[in-house]
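*Asks:*
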Amino acid sequence: MRKAALFLAIVSAMGIMAQQSGYRTAIVLKSGVQEIVPDSALHRISVGKLPAGGHSVGVELNDGSSRTFTTADIEEINYGPLTAYERWTGDWYLVASPNGEANEVGIMISQVVSMPVHAVLPSPSSPDYGSWIYCTVDSIPHRGGLHYNAQFKLRYNADADGRQGTIALVLDDRQPVNGIEYAGGPETYAYFDKNSTYYFGVSDSHAGGDTGHRYQYWLGNNIETQMLEGMELSTSWTEADLADPESQFKFAREHQIYWVTALDIPFDYAENDMVGVVDIFSSARLMRRPWIDQ
740 MRKAALFLAI VSAMGIMAQQ SGYRTAIVLK SGVQEIVPDS ALHRISVGKL PAGGHSVGVE
800 LNDGSSRTFT TADIEEINYG PLTAYERWTG DWYLVASPNG EANEVGIMIS QVVSMPVHAV
860 LPSPSSPDYG SWIYCTVDSI PHRGGLHYNA QFKLRYNADA DGRQGTIALV LDDRQPVNGI
920 EYAGGPETYA YFDKNSTYYF GVSDSHAGGD TGHRYQYWLG NNIETQMLEG MELSTSWTEA
980 DLADPESQFK FAREHQIYWV TALDIPFDYA ENDMVGVVDI FSSARLMRRP WIDQ
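Counting with our numbering, you get residues 740 to 1033 for the letters of the sequence shown.
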């Protein structure tokens, strides 16, 4: 009874403090991550009893969205000033231009896509804290109607004063971008033109032949070697940029994101691991709002 009453008192106090600006509520989960809820986005926090026992914590935002956690999953809840590092959490859009496809008269069609991204921080006790931001895309746009998620990391750096720095989107060739193997056939890969796709099939030079696996990676093209590999695409930021909901954080435009399938973990271009390219995203950037054609 005392623990439940204390918990309710803490949440009530946070609800009152949430009227202040420049503060946030941090919900640290036992899974090793923490959700950061800025006061500027918070509508209310509510607590309810669960039928099987325990409590649920509901977080409602001003935009009408909500998230619910159980007390069994929560390590702690704390309240304090919102840092620049914490401002990178929450809902974003990874905006990019796919390679496009050819229509019936051979004209390439391309449109900008906005992939919803949810970003969380590592737990304060994690060695990743202060350097990394964990991001999830629930569904990567796919012209074949297939749905895949993606997980990637942002490397965070700040100057000594903490008011500006860089952020880098990590394209990882050591681990697949998700735990779901690609299920599409050759016809679902991105088009070069109406009759040719980025499906290469299994190379005769691949050691071990066809492993039967189709792991998915996000990779970049090494301009010097023309090989696909892991790399980091960086962009700069300032506190003023982060405070402006219209800001666009544009990653290095000379590099595109190649969404590929491969036979092995880790990925090795020189070992002929690649089966094909599902799509290519260019002009990648992070935005707080989806892209609107001008």
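For every residue, glycine included, the Cβ atom is placed at its ideal position computed from N, Cα and C.
Using 8 Å for Cβ pairs, my map puts W827 next to V856. What's the rounded Cβ distance?
*Replies:* 11 Å between Cβ atoms; not a contact.
*Asks:* Rounding to the nearest angstrom, what Cα-Cα distance links D900 and N842 in this structure?
*Replies:* The alpha-carbon atoms of D900 and N842 are separated by roughly 52 Å.
*Asks:* Mind checking P984: buried by the 16 CB within 10 Å criterion, or exposed?
*Replies:* The residue in question, P984, is exposed, as its Cβ has fewer than 16 Cβ neighbours within 10 Å.
*Asks:* Taking DSSP as the reference, what is the three-state secondary structure of A922?
*Replies:* Coil, per DSSP.
*Asks:* Looking only at its own chain, which residues have a Cβ that is under 6 Å from the Cβ of G839, when we skip the five neighbours before and after it?
*Replies:* The answer, listed in chain order, is M847, I848, S849.
*Asks:* In whole angstroms, give me the CA-to-CA distance for A982 and E814.
*Replies:* So the alpha carbons of these two residues sit roughly 29 Å apart.
*Asks:* If you follow the beta strand (DSSP E) that A907 is in, where does it begin and where does it stop?
*Replies:* Segment 903–910, the beta strand (DSSP E) holding A907.
*Asks:* Report the option in N960, T977, V1014, R882 whose CA atom is closest to the CA atom of S945.
*Replies:* Per the sequence shown, residue 945 should be read as His rather than Ser. If we check each option's Cα against that of H945, V1014 comes out closest.
*Asks:* Quick check on the DSSP output: what are the complete beta strand (DSSP E) runs of length 3 or more inside the segment 789–851, in order along the chain?
*Replies:* Segments of the beta strand (DSSP E) lying fully in the segment 789–851: 794–800, 805–809, 813–820, 829–837.
*Asks:* Is the distance from the Cβ of A889 to the Cβ of T974 below 9 Å?
*Replies:* Taking 9 Å as the Cβ cut-off, A889 and T974 do not qualify as a contacting pair.
*Asks:* Residues in its own chain within less than 7 Å of K933 by CB, not counting five upstream and five downstream?
*Replies:* Taken in chain order, the residues that qualify are A841, G845.
*Asks:* Spatial neighbours of E1010 within its chain, please: CB distance less than 8 Å, with the 5 preceding and 5 following residues excluded, ordered by chain position.
*Replies:* Taken in chain order, the residues that qualify are H945, A946, D1003.
*Asks:* Could you check what DSSP says for Y1008 in three-state terms: helix, strand or coil?
*Replies:* Correct three-state label for Y1008: helix.
*Asks:* Starting from D877, follow the beta strand (DSSP E) in both directions and report where the run begins and ends.
*Replies:* Note, D877: beta strand (DSSP E), 871–879.
*Asks:* Please report the residue range of the alpha helix (DSSP H) in which D980 lies.
*Replies:* Unbroken alpha helix (DSSP H) run through D980: 978–982.
*Asks:* Tell me, to the nearest whole angstrom, how far the beta carbon of P885 is from that of A922; I am working on the premise that it is less than 8 Å.
*Replies:* Correcting the residue identity first, residue 885 is Leu in this sequence and not Pro. That belief holds up - the Cβ atoms of L885 and A922 are roughly 7 Å apart, short of 8 Å.
*Asks:* Just mark F1020 as buried or exposed, buried being the case when its beta carbon has 16 or more other beta carbons within 10 Å.
*Replies:* Classification of F1020: buried, given that the 10 Å Cβ count is 16 or more.
*Asks:* How would you call N801, buried or exposed, if buried means at least 16 neighbouring beta carbons within 10 angstroms?
*Replies:* Label assigned to N801: exposed.
*Asks:* DSSP puts K989 in a beta bridge; with which residues?
*Replies:* Note: K989 sits in a beta bridge opposite R1024.
*Asks:* Which of helix, strand or coil does DSSP assign to T927?
*Replies:* Of the three classes helix, strand and coil, the one that applies to T927 here is helix, per DSSP.
*Asks:* So R894 and W871 are supposed to be a Cβ contact under 8 Å. How far apart are they, rounded?
*Replies:* With 8 Å as the limit, R894 and W871 qualify as a contact, their Cβ atoms being about 6 Å apart.
*Asks:* Mind checking who T1000 pairs with in its DSSP beta bridge?
*Replies:* Per DSSP, Q955, G1015.
*Asks:* Rounded to the nearest angstrom, how far is the Cβ of A897 from that of A1001, given a contact under 8 Å?
*Replies:* Actually they do not touch by this definition, with Cβ atoms about 34 Å apart.
*Asks:* State buried or exposed for P1029, treating a residue as buried only when at least 16 other CB atoms are found within 10 Å of its CB.
*Replies:* Exposed, since its Cβ has fewer than 16 Cβ neighbours within 10 Å.
*Asks:* Taking the alpha carbon of N960 as the point to measure from, which residue in S935, V941, I996 has its own alpha carbon closest?
*Replies:* Among S935, V941, I996, the Cα nearest to that of N960 is on I996.
*Asks:* To which residues of the same chain is V767 closer than 8 Å at the C-beta, ignoring the five residues directly before and after it?
*Replies:* Taken in chain order, the residues that qualify are Q773, I813, E814, E815, I816, N817, S862, P863.
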